[in-house]
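Enquirer: Here it is, the structure in full.
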Amino acid sequence: MEQLLTANVANNLYWFGRYLERVESTLIEVVYHFDRIIDIDKNSGKEFYKKLGIEIDYENAKDFLNVAVFGNHSSNLYQLISYAKENAIICRSNLDTEAFGSVIELADLLKHSSHSSFSIDCRFIDYVLSLISEIWGELTRRQKRNTSDYFLRLGKLVEKVDFHVRVQKDKELSLVIMDEIDKIVIKLAPNSEFKPHDQTDSYEVIINSINAKIKKIIVEEQ
Numbered sequence: 001m002e003q004l005l006t007a008n009v010a011n012n013l014y015w016f017g018r019y020l021e022r023v024e025s026t027l028i029e030v031v032y033h034f035d036r037i038i039d040i041d042k043n044s045g046k047e048f049y050k051k052l053g054i055e056i057d058y059e060n061a062k063d064f065l066n067v068a069v070f071g072n073h074s075s076n077l078y079q080l081i082s083y084a085k086e087n088a089i090i091c092r093s094n095l096d097t098e099a100f101g102s103v104i105e106l107a108d109l110l111k112h113s114s115h116s117s118f119s120i121d122c123r124f125i126d127y128v129l130s131l132i133s134e135i136w137g138e139l140t141r142r143q144k145r146n147t148s149d150y151f152l153r154l155g156k157l158v159e160k161v162d163f164h165v166r167v168q169k170d171k172e173l174s175l176v177i178m179d180e181i182d183k184i185v186i187k188l189a190p191n192s193e194f195k196p197h198d199q200t201d202s203y204e205v206i207i208n209s210i211n212a213k214i215k216k217i218i219v220e221e222q
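Numbering follows the UniProt record's numbering, in which position 14 of the sequence shown is assigned residue number 14; successive positions increment by one, without gaps.
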């Protein structure tokens, strides 16, 4: 981990990991709720986005896909991947070349689709998810881990926990992920003293604790 990073680059690597994970996690949930809208509960998609603090409206399952990906809301997936692209450009020299190219390809795909009469279906979403899987694979194939890899990993894991909190997923899995976050934190800041997470901690305490750790590492250790 001899690689030295500026605070700006570390911050952008971290947020790149978060935004990419947010797009992937959201798409997986969108497909799940798409099926529920068809077979079980027409309002399933609305209930999911309500947990994210977003009010959406749609006429049917197909319309739900379009609203989820390109709707006028803060979890618009085209907007989120655009943020990830901006982060990637800033820390380009610290990213795998093929991974960077795949990010640009994915952002361009969503940009083109958002400006056309393109009709989104589950095959399109599956293709987007496959591109994201390729990006993660390209980012993690190095045998030797650099400091940049840890900030990417932190972003991915923190977003996983944050997403689990918002959509009220299993807390036990979140605690397992947080253990991994703490291990990375110790690698990046071995001289800092951080309180480990506890089973009795509320989600609010957990997220505030994680955010404090990340801020300390990026601002004070870089």
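Positions of the beta carbon are idealized from the N, C-alpha and C atoms, including for glycine.
Bear in mind the structure is a predicted one, so any value in this text is a computation, not a measurement.
Decide if residue 156 is buried, meaning its Cβ has at least 16 other Cβ atoms within 10 Å, or exposed.
Expert: Counting Cβ neighbours within 10 Å, residue 156 comes out buried, since at least 16 surround it.
Enquirer: Quick one: what does DSSP say residue 184 is sitting in, helix, strand or coil?
Expert: Helix.
Enquirer: Which residues in the same chain have their Cβ closer than 6 angstroms to the Cβ of residue 1, if we skip the five residues on either side of it in sequence?
Expert: Because residue 1 sits at a pLDDT of 48, beneath the cut-off of 50, its placement in the model cannot be relied upon, and the following sentence gives the value as read from the coordinates. Same-chain partners within the cutoff: 147.
Enquirer: Would residue 120 and residue 113 be called neighbours here (beta carbons separated by less than 9 angstroms)?
Expert: Yes; because the gap between Cβ atoms is below 9 angstroms, this pair is in contact.
Enquirer: Quick one: is residue 137 buried, meaning 16 or more other Cβ sit within 10 Å of its Cβ, or exposed?
Expert: Exposed, because fewer than 16 other Cβ atoms sit within 10 Å of the Cβ of residue 137.
Enquirer: Ignore the nearest five residues each way along the sequence and tell me which others in residue 207's own chain have a CB closer than 8 angstroms to its CB.
Expert: Counting only Cβ-Cβ distances below 8 angstroms, and skipping sequence neighbours, we find 161, 162 and 165.
Enquirer: Which value, in whole angstroms, describes the spacing of the CA atoms of residue 217 and residue 97?
Expert: Taking the straight line from one Cα to the other gives about 26 angstroms.
Enquirer: Tell me whether the region 5-17 and the region 38-50 touch, counting them as touching only if at least three CB pairs, one residue from each stretch, are closer than 8 angstroms.
Expert: They do not touch, by the three-pair rule.
Enquirer: Should residue 133 be labelled buried (16 or more other beta-carbon atoms within 10 Å of its own) or exposed?
Expert: Classification for residue 133: exposed.
Enquirer: Let me check understanding here. Comparing Cα to Cα, which of 43, 6, 101 and 23 lies closest to residue 159?
Expert: Comparing Cα-Cα distances from residue 159 to each of 43, 6, 101 and 23, the minimum goes to 23.
Enquirer: So is residue 156 in contact with chain D if we call contact Cβ pairs under 9 angstroms?
Expert: Judged by its chain identifiers, the structure shown contains no chain D, having just a single protein chain.
Enquirer: Can you say whether residue 99 is buried or exposed, counting buried as having 16 or more other CB atoms within 10 angstroms of its CB?
Expert: Flag for residue 99 reads buried.
Enquirer: In this structure, does DSSP put residue 141 in helix, strand or coil?
Expert: In the structure shown, residue 141 sits in coil (DSSP, three-state: anything other than H, G, I, E or B).
Enquirer: Can you tell me which of 19, 125, 140 and 181 puts its alpha carbon nearest to the alpha carbon of residue 34?
Expert: The option with the nearest alpha carbon to residue 34 is 125.
Enquirer: Checking 9 angstroms against the spacing of the C-beta atoms, do residue 150 and residue 95 come in under that value?
Expert: No, the pair does not count as a contact, with Cβ atoms beyond the cut-off.
Enquirer: Would DSSP call residue 118 helix, strand or coil?
Expert: In this structure, residue 118 counts as coil in the three-state DSSP scheme.
Enquirer: Within the region 45-75, note down every full beta strand (DSSP E) run reaching 3 residues or more, in order along the chain.
Expert: Complete beta strand (DSSP E) runs here, min 3: none at all.
Enquirer: Does the structure place the region 34-43 close enough to the region 164-179 that three or more beta carbon pairs sit under 8 angstroms?
Expert: Output reads no: the region 34-43 does not touch the region 164-179.
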